[in-house]
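Engineer: I have a structure here, written as structure tokens, and I will follow up with some questions on it.
Residue numbers (this note's numbering): 1439 to 1583.
Here it is in structure tokens:
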């Protein structure tokens, strides 16, 4: 009986940790949603909340980490692998201390509706992106061509 209770306790603790780590959205996703909800055209630099970011890009479905690494000039091991998925995207920022990558689903905001890979932007870039909402209430972000 004591072993059963001990095992049950471990299972409950593990389940609690898994639930705590698997939130429905991330701080990065929440920031991006807030930024794109500001209007029909927003500065691309507003997508990144990291004040330490020097440059950044978006990783879209089916992109190979090696291709993104080449674009950013970083190691592929620091990047999310979305090469076999279409449900997620990632915002990758390069800072003086390394690479910060945040992967999030495309259910609230879709940064990957434009053709081709995102370019690398400097945090000071003045380019803008267009924002619309589709029938499913998802923000669709489109890069200028």
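Backbone N, C-alpha and C fix where the C-beta goes; we use that ideal spot for every residue, glycine too.
1. Are there three or more Cβ pairs, one per stretch, closer than 8 Å when the stretch 1541–1561 is compared with the stretch 1572–1582?
2. Should the stretch 1468–1488 be regarded as contacting the stretch 1503–1512, the criterion being three or more beta carbon pairs within less than 8 Å?
3. Could you pull the start and end residues of the beta strand (DSSP E) that residue 1534 belongs to?
4. Using only alpha-carbon positions, find the residue among 1518, 1491, 1494 that is nearest to residue 1504.
5. For residue 1465, which option in 1508, 1557, 1487 has the closest C-alpha, if you only look at C-alpha atoms?
6. Going along the chain, which unbroken runs of the alpha helix (DSSP H) with 4 or more residues stay wholly within the stretch 1502–1569?
7. Note the first and the last residue of the continuous alpha helix (DSSP H) segment covering residue 1497.
8. So what's residue 1466 in DSSP terms, helix, strand or just coil?
9. Over the uninterrupted beta strand (DSSP E) stretch that includes residue 1500, give me the two end residues.
Structural biologist: Quick answer:
1. yes
2. no
3. To locate residue 1534, count along the chain shown from 1; it is residue 96. DSSP places residue 1534 in no beta strand (DSSP E); its state is neither H nor E.
4. The residue you call residue 1504 lines up with position 66 of the chain shown. Comparing Cα positions, the closest option is 1518.
5. Position 27 of the chain shown, counted from the first residue, corresponds to residue 1465. Of the candidates 1508, 1557, 1487, the one whose C-alpha sits nearest the C-alpha of residue 1465 is 1487.
6. 1503–1510
7. Residue 1497 sits at position 59 when you count from the first residue of the chain shown. Where residue 1497 is concerned, there is no enclosing alpha helix (DSSP H), although the beta strand (DSSP E) it sits in stretches over 1491–1497.
8. Taking the chain shown and counting its residues from 1, one reaches residue 1466 at position 28. Of the three classes helix, strand and coil, the one that applies to residue 1466 here is helix, per DSSP.
9. In the chain shown, the residue the question calls residue 1500 occupies position 62. Where residue 1500 is concerned, there is no enclosing beta strand (DSSP E), because DSSP gives it neither an H nor an E.
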